[in-house]
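To start, the structure itself, in structure tokens.
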Amino acid sequence: LRAIRVSAAGYKALHHIYNWRERASWPDVNLDAGRWFGEKLADWWIHMNNAQAVRNRRVLVRELLGEKFRLFADLYPNQTLQILSIACGSAQPLQEALAKEKAYLQKCGVKVELRLLDKDKAPLEHCKLMAERFGLNSWVQMQTFQCSYRDAGNVCDYGNWRPWLIEMIGLM
Numbered sequence: 003l004r005a006i007r008v009s010a011a012g013y014k015a016l017h018h019i020y021n022w023r024e025r026a027s028w029p030d031v032n033l034d035a036g037r038w039f040g041e042k043l044a045d046w047w048i049h050m051n052n053a054q055a056v057r058n059r060r061v062l063v064r065e066l067l068g069e070k071f072r073l074f075a076d077l078y079p080n081q082t083l084q085i086l087s088i089a090c091g092s093a094q095p096l097q098e099a100l101a102k103e104k105a106y107l108q109k110c111g112v113k114v115e116l117r118l119l120d121k122d123k124a125p126l127e128h129c130k131l132m133a134e135r136f137g138l139n140s141w142v143q144m145q146t147f148q149c150s151y152r153d154a155g156n157v158c159d160y161g162n163w164r165p166w167l168i169e170m171i172g173l174m
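Here the numbering used here = 1-based position in the sequence shown + 2.
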């Protein structure tokens, strides 16, 4: 629980809340595990409505993004899907959606360019690890930018790079 409290508005808190149920396959998700009382307290806390709402948002975003990716593949086969994520955090729902739709997008000849923007360096490094975990490294061309959302124009090369999708759940 301390990990969530310390990074309450950050990517680490989301990472722990998103992946608590699958913590056996996420060695870095550990909320006082190993101690009976700590485990029970964490399990109680993680099932509260607020934490459940966070997980529901993850599923909703992942499914909506997956629908948009399939739509792009149907409308623009053999093209490049350009995605900009502002205040990306771990970008876990985005990367999960890409991993889930990877086979369909590749079948349609779609390549993916992903530009991730966050003010902190740690979430951007975490995004790279997540891309590796989800098997996106060899297929998605990913660039990370440590900057404010106000610099999105710079990230898009002042209009020369035009994203088809802009994801900014992190600003909510």
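All C-beta atoms, glycine included, are put in the ideal place defined by N, C-alpha and C.
Asked: In the DSSP assignment, find the beta strand (DSSP E) that holds residue 86 and state where it starts and stops.; Found: 82–88
Asked: Quick check: the Cα distance between residue 3 and residue 15, rounded to an integer number of angstroms?; Found: With a pLDDT of only 48 at residue 3, under the threshold of 50, the placement of this residue in the model should not be trusted, and no figure is reported.
Asked: How far does the beta strand (DSSP E) with residue 117 in it extend, from its first residue to its last?; Found: 113–120
Asked: Give the DSSP bridge partners of residue 157, in chain order.; Found: Residue 157 is not bridged to any residue.
Asked: Let me make sure I understand the geometry here. Which of 103, 18, 43, 49 has the alpha-carbon closest to that of residue 30?; Found: 18
Asked: Given a cut-off of 7 Å, decide if residue 24 and residue 96 are closer than it, judged by their beta-carbon atoms.; Found: no
Asked: Are the beta-carbon atoms belonging to residue 125 and residue 92 less than 7 Å from one another?; Found: yes
Asked: Please check the pair residue 133 and residue 144, which I expect to be a contact at CB under 8 Å, by giving their CB distance rounded to whole angstroms.; Found: 6 Å
Asked: Let me know if residue 146 comes out buried or exposed under the rule of 16 or more other beta-carbons within 10 Å of its beta-carbon.; Found: buried
Asked: Give the DSSP bridge partners of residue 142, in chain order.; Found: 114
Asked: Return the CA-CA distance between residue 167 and residue 38, expressed in angstroms with no decimal places.; Found: 45 Å
Asked: Assuming residue 120 and residue 148 are in contact, meaning their beta carbons sit under 8 Å apart, how far apart are those beta carbons, in whole angstroms?; Found: 7 Å
Asked: In the DSSP output, which residue or residues are listed as bridge partners for residue 147?; Found: 119
Asked: Taking 6 Å as the limit between beta carbons, can you name the residues of its chain near residue 114, skipping five residues before and five after?; Found: 83, 142
Asked: Between which two residues does the alpha helix (DSSP H) harbouring residue 19 extend?; Found: 13–21
Asked: So, are the CB atoms of residue 90 and residue 66 less than 7 Å apart?; Found: no
Asked: Going by DSSP, what residues sit across from residue 169 in a beta bridge?; Found: 87
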